[in-house]
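In our numbering, the protein residues as written are 2 to 158.
Glycine included, each C-beta is placed from N, C-alpha and C at the ideal position.
All of these numbers come straight from a predicted model, not from anything done at the bench.
As structure tokens, the structure follows; a few thoughts come after it.
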């Protein structure tokens with residue numbers, strides 16, 4: 002991993018924490034929310050949809066990482082989720098951010114814009130990395146090893 006890539010990741014996660022905190026504080030101050038006003042709100046269809054996306058994407062990502070870490074040496078993954086996509090765990094990561102953006106949306110909005118911006122950043126960053134991964138597999142194991150495989154998102158990239 003390049004040092005610049007690593008530093009960018011550290012910076013991203015630090016700034017995400019700051020951005021979410023700033024957005025949350027301003028929302029609380031705007032509406033004058035106090036702890037005694039907190040109450041249970043029944044789940045909405047958005048809650049169920051975002052929960053399902055989050056759980057499934059987290060499961061796929063965990064399976065991918067578990068499988069990749071079990072490989073004894075660098076090789077072309079043959080796990081079922083890697084059959085048509087070189088980096089399915091990157092897509093899973095993006096879906097996790099999508100689920101959080103949906104769930105954390107402020108009242109009257111479809112998505113949380115701060116988390117949506119994070120999703121765009123992560124998608125671009127991982128898309129570039131997925132392209133490099135596909136190129137590396139082709140160079141190391143031959144172009145036939147990745148022939149017909151999508152980099153990250155089936156039928157798109």
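DSSP has residue 112 in a bridge; who is on the other side?
DSSP, once it has assigned bridges, lists no residue as partnering residue 112.
Please classify residue 51 as buried or exposed, where buried requires at least 16 neighbouring CB atoms within 10 angstroms.
buried
Would you say the beta carbon of residue 97 is closer than 8 Å to some non-hydrogen atom of the ligand FAD?
Looking for the ligand FAD in the displayed structure turns up nothing, as the structure carries no ligands at all.
Drop a sphere of 10 angstroms on the beta-carbon of residue 14, count the other beta-carbons inside from all chains shown, and report buried for 16 or more, exposed for fewer.
exposed
Indicate whether the contact test is met: 3 or more Cβ pairs, each with one atom in the region 77–93 and one in the region 140–154, closer than 8 Å.
yes
Over what stretch of residues does the alpha helix (DSSP H) that includes residue 104 continue unbroken?
89–104
Starting from residue 67, trace the alpha helix (DSSP H) both ways and give me its first and last residue.
46–71
Would the region 42–62 count as touching the region 92–106 if we require 3 or more Cβ pairs under 8 Å?
yes
Label residue 135 either buried or exposed according to how many other C-beta atoms from any shown protein chain fall within 10 Å of its C-beta, with 16 as the threshold for buried.
buried
Rounded straight-line distance, which links the Cα of residue 43 to that of residue 94
27 Å
Secondary structure of residue 157, DSSP reduced to three states
coil
Cβ neighbours of residue 1 in the same chain (closer than 6 Å, five flanking residues each side left out)
What the structure shows of the chain is the stretch from 2 to 158, and residue 1 is not part of that stretch, so it cannot be assessed.
Below 6 Å CB to CB, which residues in the same chain sit around residue 91 once its five sequence neighbours on both sides are set aside?
127, 131, 153
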